[in-house]
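Shown next, in structure tokens, is the structure this report addresses.
There are 2 protein chains.
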Amino acid sequence: MTFPVVALIGGGQLARMMQQAAIPLGIRLRLLADRPDDSAAQVTSDVELGDYRDFDALRAVATGSTVLTFDHEHVPTEHLRRLAESGIAARPGPEALVHAQDKLAMRTRLAAVPGIPMPRWRPIGEIAELAGFAAELGGWPVVLKTARGGYDGKGVWLADSPAEAEPVLVASAQRGTALLAEERVEFTRELAVLVARSPHGQVATYPVVQTVQQDGVCREVLAPAPGLSPARAARATQIALAIAVELGVTGLLAVEMFETADGLLVNELAMRPHNSGHWTIDGAITSQFEQHLRAVLDLPLGAPQATAPAAVMVNVLGGADPDVYRRYLHCMARDPGLRIHMYGKQVRPGRKIGHVTVTGSDPAQLRDRARHAADYLSGAIDG
Amino acid sequence: MTFPVVALIGGGQLARMMQQAAIPLGIRLRLLADRPDDSAAQVTSDVELGDYRDFDALRAVATGSTVLTFDHEHVPTEHLRRLAESGIAARPGPEALVHAQDKLAMRTRLAAVPGIPMPRWRPIGEIAELAGFAAELGGWPVVLKTARGGYDGKGVWLADSPAEAEPVLVASAQRGTALLAEERVEFTRELAVLVARSPHGQVATYPVVQTVQQDGVCREVLAPAPGLSPARAARATQIALAIAVELGVTGLLAVEMFETADGLLVNELAMRPHNSGHWTIDGAITSQFEQHLRAVLDLPLGAPQATAPAAVMVNVLGGADPDVYRRYLHCMARDPGLRIHMYGKQVRPGRKIGHVTVTGSDPAQLRDRARHAADYLSGAIDG
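Here the protein sequences line up with chains H and V, keeping their order. Take the first sequence: its letters are residues 4 to 386, numbered as in my numbering. Take the second sequence: its letters are residues 4 to 386, numbered as in my numbering.
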């Protein structure tokens with residue numbers, strides 16, 4: 004038995020952080036990236052350049068690898084099936100992954116699982132179906148979502164009336180993409196649960212976290228979710244585990260949920276390391292990136308416990324100032340305990356270019372420290 | 004200002020672990036390695052192959068880099084001086100580094116610094132000088148050390164008589180290498196202190212650790228050193244800081260010391276990340292590898308505090324069983340909290356191929372866990 008090689012599709016920051024985790028594990032990554040200066044390609048020795056939609060590119064990187072996994076969910080399902088026929092396992096496999104690729108497939112499947120609470124939803128083809136769904140909800144607005152391809156708030160619309168929904172339906176029909184409608188949930192906050200599951204069926208769950216979104220983009224993560232009752236934390240974990248088992252997920256599953264006055268509702272799924280788990284690099288015994296590699300390789304999972312009473316992670320978004328390095332020096336000098344993670348990406352306004360994490364005991368103070376650093380790095384503040 | 008590039012000389016495990024630290028910092032490494040399958044070359048995208056004794060190879064990797072640093076101390080001083088004349092700074096610089104390269108230079112220099120306690124020592128050319136030194140000590144045995152090029156117990160001899168010393172002196176004279184003699188210290192245990200110092204003069208010190216050597220090779224590290232009095236810990240730290248400042252070290256300085264009934268004695272120096280600091284990857288806010296990069300780049304230093312009450316690191320040495328991967332699976336399954344670090348090196352008996360770290364509160368229990376895992380990985384035990 005020799006140490007394994009993981010074919011990793013996608014050269015973004017998730018792949019970059021997987022390389023950081025692969026180094027101590029002694030696991031080699033073979034990366035399929037778009038460009039040699041992609042975030043992960045900068046720090047990986049074995050890089051193939053190519054398009055993840057190109058079967059030959061996928062096969063080239065997969066050949067000789069132990070297993071294939073992803074830093075995004077956009078690899079065509081039919082390519083993964085063909086790879087499986089050639090004996091190259093993708094994890095998560097195509098049958099599971101489709102539920103993270105296609106929101107309509109996800110809602111349809113989870114609706115058939117007892118005990119998975121979801122917002123009310125409906126597949127939408129015609130405007131009349133949408134009007135009927137709105138009437139059932141007791142009126143507008145409704146949330147419209149593209150079934151495939153949305154991310155970071157893209158592909159999601161809030162429509163206050165049929166007139167507002169009409170252009171979305173027309174554009175989707177022209178592109179041939181399916182739509183679904185969901186009720187707008189009056190949530191008190193958003194939670195996320197991260198679960199790892201291996202092909203053997205071993206599972207490990209991380210503490211439930213609170214996520215704060217801004218303009219559809221994850222802004223900050225509080226670990227554990229402050230003030231969450233043990234019963235509700237257990238319920239959230241149980242929902243995520245049930246989904247992982249039901250869908251046969253291998254690797255990581257992130258389940259985003261709404262917390263409402265009445266309980267929990269499942270919002271979105273991701274089957275890969277997730278922004279809500281970045282805090283684990285500095286705040287848990289086993290980071291989510293290491294855990295994903297262990298899970299897809301069917302290695303025994305690592306301890307997911309936190310190493311400090313609390314951790315706060317805040318994303319660093321690109322701002323108007325391209326001189327992030329000067330700001331980085333300032334943040335290091337101001338807060339020696341700050342954990343800075345830069346992704347090696349060019350600064351573009353609103354783009355995720357890094358994140359910061361702080362760990363300690365007082366969540367409010369940690370949040371102030373992490374927010375200040377992220378805002379300063381982003382250029383949103385200057386002092 | 005743009006993110007810096009560090010030219011890193013040497014492709015061993017220390018360089019590999021520096022790459023792991025460079026990834027989140029957004030710092031690019033340019034590696035000079037012997038072979039493409041060197042431990043660090045496996046995980047770095049920008050690798051030059053060449054010999055660290057070849058000035059042109061050094062200049063090729065240094066050109067365009069912000070600073071040059073090392074994973075070993077063997078780069079010829081005159082090459083570093085020439086690089087400095089071309090405007091490429093090596094850190095630590097040649098004037099400091101010589102004290103980690105040459106034990107005679109180190110003893111001579113530190114002897115002139117008030118307050119640095121050392122074993123009695125003497126430069127040795129002729130056997131008569133050695134006999135005189137032994138007489139001053141009150142008799143044999145004496146320790147003989149080659150001034151340059153020793154590591155992991157190599158280049159150190161314990162001589163019980165002139166007859167035993169004679170072949171060492173003859174061989175050294177033939178090779179043209181200088182020798183020194185030292186008293187054999189009756190120590191109760193060995194300690195190590197890790198200090199970081201930046202060109203600005205900022206310093207950070209890690210908790211004092213206990214090291215356990217076996218056959219001249221570091222076997223395990225207990226952090227912090229169990230039962231060390233605060234006064235003695237402060238004294239050890241003060242000695243290490245005084246050396247760092249006196250020698251003008253930039254980057255990391257590891258000071259190995261003997262603890263005796265009477266106090267502390269300085270044994271060896273290293274100016275790079277050191278085996279006694281591997282525990283910091285999993286057990287301190289800022290790892291020694293990150294700290295070294297921050298120090299040589301003159302970035303503000305990170306917090307060196309431990310994240311758990313205790314950590315134990317045990318080296319994994321190659322054994323007779325080349326199938327380390329099977330043993331690695333077993334260790335992961337047995338202890339999910341175990342932090343395993345593999346260096347991607349071929350197994351050879353006695354070679355450092357990895358290390359394991361555990362953190363927690365009970366040093367004795369941590370030591371049992373870490374020793375068991377390291378012994379199992381090494382093939383020394385089978386259950």
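Ideal Cβ positions, reconstructed from N, Cα and C, are used throughout, including at glycine.
Asked, Found
"Neighbouring residues, chain H, relative to SER201(V) (Cβ below 8 angstroms)", "In chain order: nothing, as chain H lies at least about 11 angstroms away."
"Where ARG351(V) falls: helix, strand or coil (DSSP)", "coil"
"Run of the alpha helix (DSSP H) containing THR180(V), from where it starts to where it stops", "Segment: none, THR180(V) is in no alpha helix (DSSP H) and carries neither H nor E."
"Proximity below 8 angstroms, CB of ARG192(V) to CB of VAL252(V)", "no"
"Beta carbon of ILE30(V) nearer than 8 angstroms to that of PRO7(V)", "yes"
"Cβ pair VAL9(V), VAL64(V) closer than 8 angstroms", "no"
"C-beta contact flag for SER42(H) and ARG19(H) at 8 angstroms", "yes"
"Minimum C-alpha distance to GLN217(H) - residue among VAL317(H), GLU262(H), LYS348(H), THR362(H)", "VAL317(H)"
"Extent of the continuous alpha helix (DSSP H) run through ILE246(H)", "233-250"
"Sub-8 angstroms separation of THR5(V) and TYR328(H) beta-carbons", "yes"
"Same chain only: Cβ atoms within 7 angstroms of ALA36(H), ignoring 5 sequence neighbours per side", "GLY14, ALA43, ALA44, VAL50, LEU52"
"Stretch pair the segment 160-170 of chain V + the segment 239-250 of chain V: three plus CB contacts closer than 8 angstroms", "no"
"For VAL206(H), the nearest candidate out of LEU272(H), ARG297(H), ILE284(H) (CA to CA)", "ARG297(H)"
"VAL46(V) at chain H interface by Cβ criterion, 8 angstroms", "yes"
"DSSP beta-bridge partners of CYS221(V)", "GLN216(V)"
"Residues from the segment 114-144 of chain H in contact with chain V, defined by Cβ distance under 9 angstroms", "none"
"Close-in-space but distant-in-sequence residues of the same chain around ALA103(H) (CB under 6 angstroms, 5 per side omitted)", "GLU76, LEU272, ALA273, MET274"
"Any chain H beta carbon closer than 8 angstroms to ILE12(V)", "no"
"Nonlocal neighbours in the same chain, by C-beta distance under 7 angstroms from ALA239(V), ignoring five residues either side", "LEU194, VAL196, VAL211, MET260, LEU267"
"Spatial distance of ARG72(V) from PRO97(V) (CA atoms)", "It is worth fixing the name first, because residue 72(V) is Thr in this sequence and not Arg. Approximately 11 angstroms between the Cα atoms of the pair."
"Separation of GLN368(H) from VAL78(V), as counted between CA atoms", "46 angstroms"
"Whole-angstrom distance between ALA237(H) and PRO339(H), CA atom to CA atom", "35 angstroms"
"Touching by the beta-carbon criterion (3+ pairs, under 8 angstroms), the segment 129-141 of chain V and the segment 305-324 of chain V", "no"
"Any non-hydrogen atom of the ligand COA within 7 angstroms of GLN216(V) CB", "The ligand COA is not part of this structure, which contains no ligands at all."
"8 angstroms contact criterion, which GLY321(V) and ARG354(V) should meet: CB distance rounded", "4 angstroms"
"Chain V contact residues for PHE6(H), given Cβ-Cβ distances below 9 angstroms", "VAL327, TYR328, TYR331, MET345, GLY347"
"Beta-carbon spacing of ARG62(H), LEU100(H) below 8 angstroms", "no"
"Own chain, CB closer than 6 angstroms to ALA377(H), minus 5 neighbours either side, in chain order", "VAL317, VAL319, VAL359"
"THR66(V) classed as buried or exposed, judged by whether at least 16 other C-beta atoms fall within 10 angstroms", "exposed"
"Given 8 angstroms, three or more beta-carbon pairs between the segment 150-159 of chain H and the segment 174-184 of chain H", "yes"
"Identity of the residues DSSP links to GLN363(H) by a beta bridge", "Before going further, note that residue 363(H) is Gly rather than Gln in the sequence given. DSSP, once it has assigned bridges, lists ALA313(H) as partnering GLY363(H)."
"Residues, ordered as in the chain, of the segment 308-326 of chain V that lie near chain H by beta-carbon distance below 9 angstroms", "GLN308, THR310, ALA311, ASP326"
"is_contact[MET335(V), chain H] using C-beta, thresh 8 angstroms", "yes"
"Rounded separation between ASP1(H) and ALA115(H) - CA only", "Absent from the structure is residue 1(H), since the part of chain H shown begins at 4 and ends at 386."
"Beta-ladder partner(s) of HIS281(H), from DSSP", "Its beta-bridge partners do not exist; DSSP assigns none."
"Proximity below 8 angstroms, CB of GLN291(V) to CB of PRO276(V)", "yes"
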